[in-house]
Each structure stands twice: as C-alpha cells, then as structure tokens.
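Read through the structure below, which is laid out as structure tokens, and then see the notes.
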Amino acid sequence: MGLFSCLRKVQPEEAPATKAKPSKYANDLVQLPVGDAKISPDPSTWACAESGMRENLWLNLSDGHIGSGRRQYDGSGGTNGALDHYTITRTTHPPHGFPLVVKLGTITPHGADVYSYAPDEDDLVVDPKLAEHLAHWGIDVMKMEKTEKSMAEVN
Numbered sequence: 000m001g002l003f004s005c006l007r008k009v010q011p012e013e014a015p016a017t018k019a020k021p022s023k024y025a026n027d028l029v030q031l032p033v034g035d036a037k038i039s040p041d042p043s044t045w046a047c048a049e050s051g052m053r054e055n056l057w058l059n060l061s062d063g064h065i066g067s068g069r070r071q072y073d074g075s076g077g078t079n080g081a082l083d084h085y086t087i088t089r090t091t092h093p094p095h096g097f098p099l100v101v102k103l104g105t106i107t108p109h110g111a112d113v114y115s116y117a118p119d120e121d122d123l124v125v126d127p128k129l130a131e132h133l134a135h136w137g138i139d140v141m142k143m144e145k146t147e148k149s150m151a152e153v154n
C-alpha cells in the first residue's frame, strides 16, 4: 500500500513530461558558432535581450539568444522576446528558422522544458540531445538547479 500511494503522488507530476514528443528538429539542430555567446550558469546574469526581463526566459538552442516568454492576453507573462526572435530566424534561416528553445531555470540533470516554435510542432517537445545542445553554449546540465516553475507547474 505504501508503494502504491507513493506512485500515485509521483505520476501526476510526471504526466506532462511524458506527453511531449521528440522534436524532429533536435537530431540535426543547427548550432551557430559560440563566439562570445557562452551562457553563464548563474541565473542572476540572465536577461531578455529585448526587454531586460529576468524571469520566464527562453534560450534559443541554435543561436544562444535569450528572450522572454509569451505575453498573455491579460498582459502578464513575458514580452514575446523568444517568439519574436524565432519569427525573425524564419526569414534569415529558411525554411524552419531556429525553432527549439529551452526555458532557463528549468534545466536540471533530469531535463528541462523544451519548446518548438515550428508551426508543425508548436508545443513542448523532447530534445534527446539536450545536454549536448546546452553544452555547446557552456551550460553543464549536471551543475544546474531548478529556479523557475516548469510549464506543467504554471498551467
């Protein structure tokens, strides 16, 4: 009985993560040269490139851009920095642009929230190479701790 009650508590938290499907863009993800774009592992240094916001931030896994999350209808949330940046990359790097972003602050050794802005996915996805993609930008998932709510916790 104790084992089953423990499993019942764990399953609802894990359910959203199991619904996400692997992104078709992850295996062949383009990652631009890093240059000076290394991302600090210190969350206090993260900020939206457009607005300066310091929460609800998304790192583009292809070019290292940090943008805020989507603005909600009630005015809450971010300033659309990450989504607007993706829209630009669709014109500069057709046909798909740079669709995969990871929510900074949700990165742990166990994974993170990864979203695909590609119109044919437009949802939370799984990036099977997430640790490798983050390492490209200087982020060691084994040293990261959760500092933000996941999408499952927000919704």
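The numbering of the sequence shown is numbering that gives the first Met the number 0, which starts it at 0 and goes up by one.
All residues carry an ideal CB built from backbone N, CA and C; glycine is no exception.
Contacting residues, own chain, Cβ-Cβ under 8 Å from residue i (five flanking each side not counted)
i, result
"PRO42", "LEU103, GLY104 and THR146"
"ARG89", "HIS95 and GLY96"
"ASP83", "GLU49 and GLY66"
Same chain, Cβ closer than 7 Å to residue i, five either side skipped, listed in chain order
i, result
"TYR24", "HIS95, PRO98, LEU99, SER115 and ALA117"
"HIS132", "LEU28, GLN30, LEU60 and ASP126"
"GLY34", "none"
"LYS20", "VAL124 and VAL125"
6 Å CB neighbourhood of residue i in its chain, flanking five on each side removed
i, result
"VAL29", "SER61"
"LYS37", "GLY137"
"LEU2", "Only weak support is given to the placement of LEU2: the predicted model assigns it a pLDDT of 41, under 50, and the value that follows is read from those uncertain coordinates. Closer than 6 Å at the Cβ level, and outside the excluded window around LEU2, lies no residue."
Exposed unless 16 or more other CB atoms sit within 10 angstroms - verdict on residue i
i, result
"MET141", "exposed"
"ASP119", "exposed"
"TYR72", "exposed"
"SER75", "exposed"
Proximity winner among the options, relative to residue i (alpha-carbon distances)
i, options, result
"SER50", "HIS135, ASP35, ARG70 and VAL113", "ARG70"
"GLU152", "ALA111, ALA134, ALA130 and CYS47", "ALA111"
"ASN154", "LEU123, ASP139 and LYS128", "LEU123"
"ASN26", "ASP139, GLY34, SER149 and ALA130", "ALA130"
"PRO108", "GLY74, LYS20, SER75 and LYS128", "LYS128"
"LYS148", "GLU54, SER22 and GLY74", "GLU54"
"LYS18", "HIS92, PRO93, VAL113 and ILE106", "VAL113"
Proximity below 8 Å, CB of residue i to CB of residue j
i, j, result
"ALA81", "GLY63", "no"
"CYS47", "THR78", "yes"
"PRO40", "MET150", "no"
"VAL101", "TRP45", "no"
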